[in-house]
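Respectively, the protein sequence lines represent chains A and B. For the first sequence, the residue numbers in the working numbering are 326 to 445. For the second sequence, the residue numbers in the working numbering are 60 to 363. Note that beta-carbon positions come from the ideal geometry of N, C-alpha and C, so glycine has one too. All figures in this text were calculated on a predicted structure; none of them were measured in a lab. First the structure, in the form of structure tokens, and then the observations on it.
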Amino acid sequence: MADHESHDKIYLRVFGALCVFTLLSAIADLFKEASPGVVGVVVLAIAVAKAACVMLFFMHLKWERGWKYVLLAPTTILAIGLPIALMPDIGWNYYHKVPTETMIEAEHHNSSAAAGDQDH
Amino acid sequence: MGLKMANSKLCLWLFLGTEIMFFSALIGTYIVLRLSSVDVDGDRAWPSNEITHIVTIAGAINTFVLIGSSWLVVKAHEEIARGQFKEGLRDLLLVFACAVLFLGIKGYEYQGKWTRDILPGRISETRLQAVEKAVRQIGAVAALDAEALGGEPARKDLVAQYTQLETLLRQEKLTLAATEDRVVSLTKHESYGPLIESHVMMARIYHDRTRDEAGNLVSLDQEHHAAYYIPYGNLFASCYFTITGFHAIHVIVGMIIFFFPIKKGLMGGLEEADAQYVENAGLYWHFVDLVWIFLFPLIYIVQF
Chain A
326 MADHESHDKI YLRVFGALCV FTLLSAIADL FKEASPGVVG VVVLAIAVAK AACVMLFFMH
386 LKWERGWKYV LLAPTTILAI GLPIALMPDI GWNYYHKVPT ETMIEAEHHN SSAAAGDQDH
Chain B
60 MGLKMANSKL CLWLFLGTEI MFFSALIGTY IVLRLSSVDV DGDRAWPSNE ITHIVTIAGA
120 INTFVLIGSS WLVVKAHEEI ARGQFKEGLR DLLLVFACAV LFLGIKGYEY QGKWTRDILP
180 GRISETRLQA VEKAVRQIGA VAALDAEALG GEPARKDLVA QYTQLETLLR QEKLTLAATE
240 DRVVSLTKHE SYGPLIESHV MMARIYHDRT RDEAGNLVSL DQEHHAAYYI PYGNLFASCY
300 FTITGFHAIH VIVGMIIFFF PIKKGLMGGL EEADAQYVEN AGLYWHFVDL VWIFLFPLIY
360 IVQF
């Protein structure tokens, strides 16, 4: 019975912590115009903390045995690896500025002008 | 030999492993696409929350709803395991109610996007597309019968205006500003004005964003212009509806899973052995909560 009561208290504390974390995220949202980068890092860090709370206590991973590492490590590696694998193809090249005809013409014009200067 | 855990729980965890990869593929793709959405200067050009009708407070309330329901599930599991079936049933019913509330709030958000036509494949991404869409929508209203448009003279007037706009568009003489002016004047027509207001997206956005408290039109600034054509708007809508849609489907599946012990409890048949089922259902439900924990900041708050 005492064990059950202690679990109940833990769950209630975790629920309270999750509420506070969510409130902090909502408050951070008010400052996103002023410093979007900082707010982005803060809210994602809060999300990681919340996820850790849910997984450790609500999903009982804190009390589970070693199988949790065998099961979760490959999925975590794949989950992190996917965006990294996509980034070079899509994130870094596809939509980024590519030389347009106008830019190429301007470059050609500049190089011609430079060659002309050298001739003189 | 073997793991000291129920087979059903092991299966559930293996299933959750596949679910982690499924959602990380969706979320990872969203992050990469969002990071790569830049303008001609290489600056970030993902549409802002205001333009895409993202309501942060709605997302925050839904986060509270889901974490509350997660807490109720673990409580219900403990209660059923120790034979407190009445309390367990009460908490399971509350979890079900939380799921309904979550979907209701999501529905409100979807409705906001639906009425503003923020849907995949329907968003104008350039000035020309915005003009073409407005003219097309005016044409759709002009194609209605005379009775709907308030009489034959009104219909003829609207058809004439539409024909003129279409001609100007074909001649590439119709600017966005001129289209905006024409739309505003059409909305003031006493018979078909309300139809233009409700059918032409530009008029609806005018109504939303460009009137003061007294209902008068206010001057248009860049932000308001940006509302008529949303660069990367279709990409946003595709990502938003795919990710939140799949999450909502998981919420519905969770409701189906919880329906069975609730039904059993209402018929007075809950027993301590059902704690295992509730634990497994709870693991699934916590995962649904976990996904939302990341979706909330990534979709509603972060501006990278």
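Using a cut-off of 8 Å between C-beta atoms, extract the partners of ILE182 of chain B located in chain A.
Translated into the one-based positions of the second sequence, residue 182 of chain B becomes position 123. Under the 8 Å cutoff, chain A gives no residues; its nearest Cβ is about 17 Å from ILE182 of chain B.
If we ignore side chains and look at the alpha-carbon of each, how far apart do PHE74 of chain B and LEU148 of chain B end up?
Your numbering for residue 74 of chain B matches position 15 in the second sequence. Your numbering for residue 148 of chain B matches position 89 in the second sequence. Whole-angstrom Cα-Cα distance: 26 Å.
Please list, in chain order, the residues of the region 355-366 of chain A that have any C-beta partner in chain B closer than 8 Å.
Listed by position along the chain: LYS357, PRO361, GLY362, VAL364, GLY365.
Just to make sure I have the definition right: I need the residues of chain A whose C-beta is within less than 8 Å of the C-beta of ILE360 of chain B. Which are they?
Here residue 360 of chain B is taken as the residue at index 301 of the second sequence, counted from 1. Under the 8 Å cutoff, chain A gives SER350, ALA353, ASP354, LYS357, VAL364, GLY365, VAL368.
Among A:ILE402, A:THR400, A:MET380, A:GLU358, whose alpha-carbon lies nearest the alpha-carbon of ILE360 of chain B?
In the second sequence, the residue the question calls residue 360 of chain B occupies position 301. Ranking A:ILE402, A:THR400, A:MET380, A:GLU358 by Cα distance to ILE360 of chain B puts A:GLU358 first.
Work out the CA separation of PRO361 of chain A and ARG390 of chain A for me, nearest whole Å.
Walking along the first sequence from the start, residue 390 of chain A turns up at place 65. Walking along the first sequence from the start, residue 361 of chain A turns up at place 36. One C-alpha to the other measures close to 40 Å.
I want to see whether chain A comes within less than 7 Å of GLN281 of chain B, judged by CB atoms only; does it?
In the second sequence, the residue the question calls residue 281 of chain B occupies position 222. In this prediction, GLN281 of chain B scores a pLDDT of 46, lower than 50, which makes its location untrustworthy; no coordinate-derived value is stated.
Our contact map puts VAL350 of chain B next to PHE82 of chain B with C-beta atoms below 8 Å; I'd like the distance itself, whole angstroms only.
On the second sequence, residue 350 of chain B is found 291 positions in, with the first residue counted as 1. On the second sequence, residue 82 of chain B is found 23 positions in, with the first residue counted as 1. The Cβ separation is near 5 Å, so the contact holds.
Answer yes or no: does any C-beta atom of chain A fall closer than 7 Å to that of ALA285 of chain B?
For the purposes of this step, residue 285 of chain B is taken as residue 226 along the second sequence, with counting starting at 1. Reliability fails at ALA285 of chain B, whose pLDDT of 49 lies under 50, so the model's placement of it is uncertain and the value that follows must be treated cautiously. Chain A, which has no Cβ nearer than 7 Å to the Cβ of ALA285 of chain B, makes this no.
Distance check for ILE79 of chain B and LEU343 of chain A, CA to CA, integer angstroms please.
In the first sequence, counting from the first residue as 1, residue 343 of chain A sits at position 18. In the second sequence, counting from the first residue as 1, residue 79 of chain B sits at position 20. So the two alpha carbons sit approximately 21 Å from each other.
Out of B:ALA262, B:TYR89, B:LEU131, which has the shortest C-alpha to C-alpha gap to ALA296 of chain B?
Within the second sequence, the letter at position 237 stands for residue 296 of chain B. Closest by alpha carbon: B:TYR89.
What does the Cβ neighbour count give for ASN66 of chain B, buried or exposed, with the cut at 16 atoms within 10 Å?
In the second sequence, counting from the first residue as 1, residue 66 of chain B sits at position 7. By the neighbour-count rule (16 or more Cβ atoms within 10 Å), ASN66 of chain B is not buried but exposed.
Could you tell me if ASP150 of chain B is buried or exposed, where buried requires 16 or more neighbouring beta carbons within 10 angstroms of its beta carbon?
The count along the second sequence starts at 1 and reaches residue 150 of chain B at position 91. Classification of ASP150 of chain B: buried, given that the 10 Å Cβ count is 16 or more.
Starting from the C-beta of PHE346 of chain B, find all residues in its chain whose C-beta is less than 7 Å away, skip the five residues before and the five after it, and write them out in chain order.
Against the second sequence, residue 346 of chain B aligns to sequence position 287. LEU75, GLU78.
With DSSP run on the structure shown, which of helix, strand or coil describes VAL50 of chain B?
This structure does not reach residue 50 of chain B, given that chain B is present from 60 up to 363, and the question cannot be answered.
Check whether the Cβ atoms of ILE289 of chain B and ILE113 of chain B sit closer than 7 Å, and answer yes or no.
Here the question's residue 289 of chain B lines up with position 230 in the second sequence. Here the question's residue 113 of chain B lines up with position 54 in the second sequence. Not closer than 7 Å, so no.
Is the number of C-beta pairs between the region 89-99 of chain B and the region 346-355 of chain A that are closer than 8 Å three or more?
The answer is no - the region 346-355 of chain A does not touch the region 89-99 of chain B, with fewer than three Cβ pairs under 8 Å.
How long is the line joining the alpha carbons of TYR251 of chain B and THR174 of chain B, rounded to whole angstroms?
Taking the second sequence and counting its residues from 1, one reaches residue 251 of chain B at position 192. Taking the second sequence and counting its residues from 1, one reaches residue 174 of chain B at position 115. Their Cα atoms are separated by approximately 19 Å.
Does DSSP put ARG103 of chain B in a helix, in a strand, or in coil?
For the purposes of this step, residue 103 of chain B is taken as residue 44 along the second sequence, with counting starting at 1. In this structure, ARG103 of chain B counts as strand in the three-state DSSP scheme.
Taking a Cβ distance cut-off of 7 Å, strictly less, list which residues of the region 130-145 of chain B are near chain A, in chain order.
Of all residues in the region 130-145 of chain B, TRP130, VAL133, LYS134, GLU137, ARG141 have a Cβ within less than 7 Å of some Cβ in chain A.
Below 7 Å between beta carbons: does that hold for GLY118 of chain B and PHE363 of chain B?
As a first step, residue 118 of chain B is located in the second sequence; it is residue number 59 there, counting from the start. As a first step, residue 363 of chain B is located in the second sequence; it is residue number 304 there, counting from the start. For GLY118 of chain B and PHE363 of chain B, no; Cβs fall outside 7 Å.
Please list the terminal residues of the continuous alpha helix (DSSP H) segment that includes PHE382 of chain A.
Residue numbering aside, residue 382 of chain A sits at position 57 when the first sequence is read from its first letter. Element bounds for PHE382 of chain A: n/a, residue is neither H nor E.
Any residues in the region 369-381 of chain A with a beta carbon nearer than 8 Å to a beta carbon of chain B? Which ones, in chain order?
Answer set for the region 369-381 of chain A: LEU369, ILE371, ALA372, LYS375, ALA376, VAL379, MET380.
Only counting the same chain, and skipping five residues up and downstream in sequence, which positions put a Cβ closer than 8 Å to that of LEU294 of chain B?
Walking along the second sequence from the start, residue 294 of chain B turns up at place 235. Closer than 8 Å at the Cβ level, and outside the excluded window around LEU294 of chain B, lie LEU92, SER96.
Just to check my reading of the structure: LEU235 of chain B and ALA201 of chain B have Cβ atoms closer than 8 Å, yes? What is that Cβ distance to the nearest angstrom?
Position 176 of the second sequence, counted from the start, is the residue given in the question as residue 235 of chain B. Position 142 of the second sequence, counted from the start, is the residue given in the question as residue 201 of chain B. That belief does not hold up - the Cβ atoms of LEU235 of chain B and ALA201 of chain B are roughly 20 Å apart, past 8 Å.
So what's GLU358 of chain A in DSSP terms, helix, strand or just coil?
The residue labelled residue 358 of chain A in the question sits at position 33 within the first sequence. Looking at GLU358 of chain A - three-state DSSP - the assignment turns out to be coil, as it is neither helix nor strand.
Please classify GLU282 of chain B as buried or exposed, where buried requires at least 16 other C-beta atoms within 10 Å of its C-beta.
Reading the second sequence from its first residue, position 223 is the one you call residue 282 of chain B. For GLU282 of chain B, the predicted model reports a pLDDT of 49, less than 50, meaning its position is unreliable; a value from the coordinates is still stated below. Counting Cβ neighbours within 10 Å, GLU282 of chain B comes out exposed, since fewer than 16 surround it.
With 16 as the cutoff for other CB atoms within 10 Å, does LEU357 of chain B come out buried or exposed?
Position 298 of the second sequence, counted from the start, is the residue given in the question as residue 357 of chain B. Buried, by the Cβ-count rule.
Rounded to whole angstroms, what's the CA-CA distance from ILE409 of chain A to VAL364 of chain A? Just pull it up for me.
One-based indexing of the first sequence puts residue 409 of chain A at position 84. One-based indexing of the first sequence puts residue 364 of chain A at position 39. The alpha-carbon atoms of ILE409 of chain A and VAL364 of chain A are separated by roughly 22 Å.
For MET326 of chain A, does the count of other Cβ atoms within 10 angstroms reach 16, so buried, or fall short, so exposed?
The residue given as residue 326 of chain A occupies position 1 in the first sequence. Note that MET326 of chain A scores a pLDDT of 47, beneath 50, so its modelled location is shaky; the value from the coordinates is reported in the next line. By the 10 Å Cβ count, MET326 of chain A comes out exposed.
Determine the closest residue to LEU228 of chain B out of B:LYS172, B:ALA104, B:ALA193, with distance taken between C-alpha atoms.
If you number the second sequence from 1, residue 228 of chain B lands on position 169. Checked all of B:LYS172, B:ALA104, B:ALA193; the closest Cα to LEU228 of chain B is B:ALA193.
Does the distance from the CB of LEU329 of chain B to the CB of LYS323 of chain B come in under 7 Å?
The residue given as residue 329 of chain B occupies position 270 in the second sequence. The residue given as residue 323 of chain B occupies position 264 in the second sequence. Yes, these two residues count as a Cβ contact at 7 Å.
Along the chain, where does the alpha helix (DSSP H) containing LEU208 of chain B start, and where does it finish?
Locating residue 208 of chain B in the second sequence gives position 149, counting from the first residue. First-last of the alpha helix (DSSP H) with LEU208 of chain B: 205-208.
Is PRO408 of chain A close to chain B? Criterion is C-beta to C-beta, closer than 7 Å.
The count along the first sequence starts at 1 and reaches residue 408 of chain A at position 83. At least one chain B Cβ lies under 7 Å of PRO408 of chain A.
Give the range of the alpha helix (DSSP H) segment to which LYS323 of chain B is assigned.
Walking along the second sequence from the start, residue 323 of chain B turns up at place 264. Run containing LYS323 of chain B: 292-325, per the alpha helix (DSSP H) assignment.
Just verifying my parser: in three-state terms, what is the DSSP assignment at ILE182 of chain B?
The residue labelled residue 182 of chain B in the question sits at position 123 within the second sequence. Of the three classes helix, strand and coil, the one that applies to ILE182 of chain B here is coil, per DSSP.
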